[in-house]
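Novice:
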Amino acid sequence: MKKRLMLIDGNSIAYRAFFALPLLNNDKGIHTNAIYGFTTMLMKVLEEKKPTHILVAFDAGKTTFRHSTFTEYKGGRQKTPPELSEQFPFLRDLLDAYGIKRYELENYEADDIIGTLATKAEKEGFDVLIISGDKDLTQLSTEKTTVAITRKGITDIEEYTPEHIQEKYGLTAEQIIDMKGLMGDQSDNIPGVPGVGEKTAIKLLKQFHTLENLLEHIDEVSGKKLKEKLAENKDQAVMSKDLATIMKEAPVEISVDDLSYEGYDPTQLSAAFRELGFNSLLDKLDGVEEMEIDEVKELPFHIIETIDEEILTDNTALYVEVLDDNYHTGDIIGLGLANETGNYYIPTEVALESDTFKQWANDSSKKKRVYDAKRSVVALKWRGIDLKGIDFDLLLVSYLLNPSESTEDFAGVAKRHQYTDIHSDEAIFGKGAKRKIPDVQELAEHLARKAVGINALYDRCLKELEENEQTDLFYDLELPLSMILAKMEYTGVKVDVNRLTEMKEELALRLNEIELRIYELAGEKFNINSPKQLGVILFDKLGLPAIKKTKTGYSTSADVLEKLEQAHEIIPEILNYRQLGKLQSTYIEGLLKVVHRDTNKVHTRFNQALTSTGRLSSTDPNLQNIPIRLEEGRRIRQAFIPSEEDWVIFAADYSQIELRVLAEIAQDENLKEAFLQDMDIHTKTASDVFHVPADEVDSNMRRHAKAVNFGIVYGISDYGLSQSLGITRKEAGEFIERYLQSFPGVKNYMEDIVQEAREKGYVSTLLHRRRYIPEVTSRNFNIRGFGERTAMNTPIQGSAADIIKKAMIDMAKRLEKENLQTRLLLQVHDELIFEAPKSEIETLIELVPEVMEQALQLTVPLKVEYAYGPTWFDSK
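The structure is reproduced here in structure tokens:
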């Protein structure tokens, strides 16, 4: 078998991935775009190249032996964004899960490790493939070594063989170093010869072959100015070549044989993917569905054919199994039951046809213990059974005890609390396309084990809640909220399918008009969705300034086009075309797919045990994500209508709740004063930071202040703020510093909460919701930085989440008490959406703000704004 060594430039690929993909976060708040991009590239090359040996090399630090030659080496580089830095430790962990060796060497770069190992491997008969985003490594290309450079995105690569280098540059691989000596390298701050670019360097090397030969024959160079430059910068050119030369004899302490790769352990890698939130990549893993089933203790259980009242006691654990993630439409495939009388499996049809079971389920005096109360209630409700009397939810309790370890897999939750007599769902049902229902005996035992597990963990988990002072948080907030959410989900929101279809047709016409206008402005037809064709039109034909180039041509990314918006009237049209196209495909067509065929409503699923901050999110459809910046995006809300005639949609929204919570927690007098005086907080911030009177704050100042106000809440860095405002990182850093000087209470809070996190290991919200942050004491600077930002923003975001959840519970009680028909339909960010008879609107105008503003007593006032109309759109 042919031996193949793959060497990956870890830092380079991670950088490329970070800047190629938008910032992504997983449910723990960790940025993952660099890791995700790196992983997709890795999966592709492992599948296509099938290496027998593999290594990922990383830079060990900022200083290398090259700095002793030239102290300014790489001196022009900006500091690595913290959003990228925090990802490297997790990337290293992912490589460990893959079973891939990684290596770094003090005083040397990843390039030197790669050059050394490639040279050794060639001598040992290996074929070598080097993967990097840095063309410097093309100098290592030989008949046995191919250098693959990432170009478009992260997974498209260009392979540099000696033949390809000759074809592309007319040079040999060795001459790449001479070329770098002449032209320098701006990214590495290698000076080269001033005024000599790539074309001139190549022309000179074709004539003189090497830099040294050129410098010995400067008199033969044509062009007086070029001669002078070469003569004046001889030493600098030699030094530049030396800096660009990759070391092939670095003191690497691992051998090529150490790098053998046998493939990944699917169990270990799938766990790593889940931890990172890469669920979409799970189906691409081989062998995960063939997991071994662990040994567990024998469990006696009974399969019930007729339900007797004797087995339906108080304090019974009930597990409702729905095969599909979407329990609104998925089939219940059985129920597990466990109490002092025994352990049972009840087939679905037996439960649904039993009046005895229905009466017990509906009896609120018979206490039930479940896993995922909302899922259980809604799944049974669709089948005509009302489940009441739930007083314990293992999923919710586990989530409160540690929200950073959120998972919906029963076995994962159980094992976290030291209960191991349970198989994972994957082991029983399989996954992806191979998901199946097992035979009756296996299914029966699995569901009975889940019910037994709920009972086994009941006392232990409630004791932990009590020790954490979270008993009230569970019984007064999360558990009652799950019943409210269940009712909201089952009720659903009426959708005007005809209106959505009209919008689809209107958008199609609008897109066609814009398309024709773009062709007119371009002077020809072309594929607007092709970056390559678009680049040719904009930068070659229309002569617009090319801001950024990619490996395949001109960049036409959104950030590039936005900078050119004033340069030509075609640019706004292209931006509009892209935005409307996304609205059409993602939102309008996406919504039409999830309208329930029987109710003409969408029945979203609220994720109550997912986010680390306590915020709710929603799925199928994701109603938190409907775009509101574009008028056409806002108009999608016109399709959300009341389900009854002569009713309206009523929406109530907390105004700047997170900033009010920040003022409360930080007790910053300046910030509190702004809210107590009902000032515009962004104008107030701009006034303080820019040291101008409020009436002299212009729109740009206010925009900057708004970005930093909300940025502080989310732990923004100078890099994040610079991207958001289109300013330099230095300017962004100075702005943040001035903000903290203006609001000293906020600065003190940020310092104190980080110290508290170090001492306790966690931070808490106003209602004692915890988030554990082990990263805050990490020795790794980047992980620690992530932990510190998390410590600062979690109490703010989490307390805001607690407040709106409390408001939902209080609203449900008041609606019932006042005997109103009004229904709570949705919670989206800081907004509650109701449908109500027109006759109740005057009551709601008084009632809703009163209840929401009194949800939690703070020293700064909560403020609620409301609106109503025939659609959700009209209620803004």
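Sequential numbering of the sequence shown, starting at 67, is according to our numbering.
No residue lacks a Cβ here, since even glycine has one placed at the ideal position from N, Cα and C.
1) In terms of residues, what are the limits of the alpha helix (DSSP H) holding D308?
2) Going by DSSP in three states, H368 sits in which element: helix, strand or coil?
3) Can the beta-carbon of Y653 be found less than 9 Å from the beta-carbon of I580?
4) Pull up the CB-CB distance for V973 and E854, whole angstroms please, since I reckon it's below 8 Å.
5) In chain order, what are the residue ranges of uninterrupted beta strand (DSSP E) at least 3 long that sit wholly in the stretch 798 to 835?
6) Which partner residues does N673 have in the DSSP bridge list?
7) Run the CB neighbour count on A83, radius 10 Å, all protein chains shown included, and call it buried at 16 or more, exposed below.
8) Sort K942, E822, A773 and P257 by Cα distance to G799 and report the nearest one.
9) At the level of alpha carbons, what is the spacing between D429 and V443?
10) Please tell me whether A214 and S198 are closer than 9 Å, where the distance is taken between their beta carbons.
11) For the stretch 764 to 801, list the alpha helix (DSSP H) runs that are entirely contained and at least 4 residues long, ordered along the chain.
12) Among G396, I373, I911 and T831, which residue has its Cα nearest to the Cα of A417?
13) Measure the alpha-carbon distance for M858 versus T679 and round it to whole angstroms.
14) Does the distance from the C-beta atom of R526 to that of L365 stay below 9 Å?
15) Return the CA-CA distance between L657 and R889, expressed in angstroms with no decimal places.
16) Identify whether T979 lies in helix, strand or coil by the three-state DSSP scheme.
17) Just the Cα atoms here: how many angstroms apart are D285 and S306?
18) In chain order, what residues of the same chain lie with their CB nearer than 6 Å to the CB of R681, ignoring the 5 residues before and after it?
19) Check whether the Cβ atoms of R33 and F192 sit closer than 9 Å, and answer yes or no.
20) Tell me whether K424 sits in a helix, a strand or coil according to DSSP, three-state version.
21) When the Cα of N92 is compared with those of E149, I74, E415 and I488, which residue comes out closest?
22) Count the other C-beta atoms from every protein chain shown that fall within 10 angstroms of the C-beta of R769, then say buried if there are 16 or more, exposed otherwise.
23) When burial is assigned at 16 or more other CB atoms within 10 Å of the CB, is D75 buried or exposed?
24) When the Cα atoms are used, what is the spatial distance from K519 to A439?
25) Pull up the DSSP beta-bridge partners for K434, would you.
26) With DSSP run on the structure shown, which of helix, strand or coil describes Y556?
27) If I measure Cβ to Cβ from R936 and keep anything under 8 Å in the same chain, skipping five residues before and after, which residues do I get?
28) From the DSSP output, in three-state form, read off T333 for me.
29) Extract the residue ranges of the beta strand (DSSP E) inside the stretch 151 to 175, only unbroken runs of 3 or more that lie entirely within it.
30) For the putative contact between V259 and L296, defined by C-beta atoms under 8 Å, what is the C-beta separation to the nearest angstrom?
31) When you compare each of N299, E655, R700 and S420 to K942 by their alpha carbons, which one comes out closest?
32) Below 8 Å on the Cβ atoms is my contact criterion, and I expect L378 with T422 to pass it. Report the Cβ-Cβ distance as a whole number of Å.
33) Using 9 Å as the threshold, is the C-beta distance between Y785 and P155 below it?
34) Between D744, A493 and L467, which has its C-alpha nearest R482's C-alpha?
35) In three-state DSSP terms, what is S621?
36) Using the beta-carbon count (16 or more within 10 Å), is G827 buried or exposed?
Specialist: Considering the structure as presented:
1) Locating residue 308 in the sequence shown gives position 242, where the first residue counts as 1. Taken as a continuous stretch (DSSP letters only), the alpha helix (DSSP H) holding D308 covers K300 to A310.
2) Here residue 368 refers to the residue found at position 302 when the sequence shown is read from its first residue. Reduced to three states, the DSSP call for H368 is strand.
3) Reading the sequence shown from its first residue, position 587 is the one you call residue 653. Reading the sequence shown from its first residue, position 514 is the one you call residue 580. Cβ distance not < 9 Å, so Y653 and I580 don't count as in contact.
4) The question about residue 973 has no answer here: the residues shown for the chain are numbered 67 through 942.
5) 828 to 830
6) Within the sequence shown, residue 673 is the residue found at index 607, counting from 1. Answer is S683.
7) On the sequence shown, position 17 is the one that residue 83 refers to. Per the 10 Å Cβ criterion, buried.
8) Reading the sequence shown from its first residue, position 733 is the one you call residue 799. Nearest C-alpha to G799: A773.
9) In the sequence shown, residue 429 corresponds to position 363, counting from 1. In the sequence shown, residue 443 corresponds to position 377, counting from 1. Approximately 13 Å between the Cα atoms of the pair.
10) As a position in the sequence shown, residue 214 is number 148, starting the count at 1. As a position in the sequence shown, residue 198 is number 132, starting the count at 1. Yes, Cβ-Cβ distance for A214 and S198 is below 9 Å.
11) 765 to 779 and 784 to 791
12) For the purposes of this step, residue 417 is taken as residue 351 along the sequence shown, with counting starting at 1. When only C-alpha atoms are compared, the closest one is I373.
13) Locating residue 858 in the sequence shown gives position 792, where the first residue counts as 1. Locating residue 679 in the sequence shown gives position 613, where the first residue counts as 1. If you take the alpha carbons of M858 and T679, they lie about 12 Å apart.
14) For the purposes of this step, residue 526 is taken as the residue at position 460 of the sequence shown. For the purposes of this step, residue 365 is taken as the residue at position 299 of the sequence shown. No, the Cβ-Cβ distance between R526 and L365 is not below 9 Å.
15) Your numbering for residue 657 matches position 591 in the sequence shown. Your numbering for residue 889 matches position 823 in the sequence shown. One C-alpha to the other measures close to 22 Å.
16) Because the chain spans 67 through 942 in this model, residue 979 falls outside it and cannot be assessed.
17) Mapped onto the sequence shown, residue 285 falls at position 219. Mapped onto the sequence shown, residue 306 falls at position 240. For D285 and S306, the distance between alpha carbons rounds to 21 Å.
18) Here the question's residue 681 lines up with position 615 in the sequence shown. Answer for R681: A867, listed in chain order.
19) The first residue shown for the chain is 67 and the last is 942, placing residue 33 beyond what the model contains.
20) Counting from one through the sequence shown, the residue named residue 424 turns up at place 358. Of the three classes helix, strand and coil, the one that applies to K424 here is helix, per DSSP.
21) Taking the first residue of the sequence shown as 1, we reach residue 92 at position 26. Nearest of E149, I74, E415 and I488 to N92, Cα basis: E149.
22) The residue you call residue 769 lines up with position 703 of the sequence shown. Answer is exposed; the Cβ neighbour count stays below 16.
23) Residue 75 sits at position 9 when you count from the first residue of the sequence shown. Buried.
24) Position 453 of the sequence shown, counting from 1, holds the residue named residue 519. Position 373 of the sequence shown, counting from 1, holds the residue named residue 439. The sequence given here has Gly at residue 519, not Lys. Those two C-alpha atoms are separated by around 15 Å.
25) Start at 1 with the first residue of the sequence shown, and residue 434 comes out as number 368. The partner list for K434 (beta bridge, DSSP) reads T382 and I456.
26) The residue labelled residue 556 in the question sits at position 490 within the sequence shown. Looking at Y556 - three-state DSSP - the assignment turns out to be helix.
27) The residue given as residue 936 occupies position 870 in the sequence shown. Reading off the sequence shown, one finds Pro at residue 936, where the question assumed Arg. Within the same chain, P936 has close Cβ partners I707, P708, V714 and I715.
28) Position 267 of the sequence shown, counting from 1, holds the residue named residue 333. Helix, per DSSP.
29) 167 to 170
30) As a working mapping, residue 259 is identified with position 193 in the sequence shown. As a working mapping, residue 296 is identified with position 230 in the sequence shown. Correct: roughly 6 Å between the Cβ atoms.
31) Counting from one through the sequence shown, the residue named residue 942 turns up at place 876. That would be R700, whose Cα lies nearest to the Cα of K942.
32) Translated into the one-based positions of the sequence shown, residue 378 becomes position 312. Translated into the one-based positions of the sequence shown, residue 422 becomes position 356. Between T422 and L378 the Cβ distance is about 7 Å, and since that is below 8 Å, they are a contact.
33) Here the question's residue 785 lines up with position 719 in the sequence shown. Here the question's residue 155 lines up with position 89 in the sequence shown. Result no, Cβ atoms of Y785 and P155 do not sit closer than 9 Å.
34) As a working mapping, residue 482 is identified with position 416 in the sequence shown. Per the Cα distances, L467.
35) Counted from its first residue, the sequence shown places residue 621 at position 555. In this structure, S621 counts as coil in the three-state DSSP scheme.
36) Taking the sequence shown and counting its residues from 1, the one referred to as residue 827 is at position 761. Exposed, since its Cβ has fewer than 16 Cβ neighbours within 10 Å.
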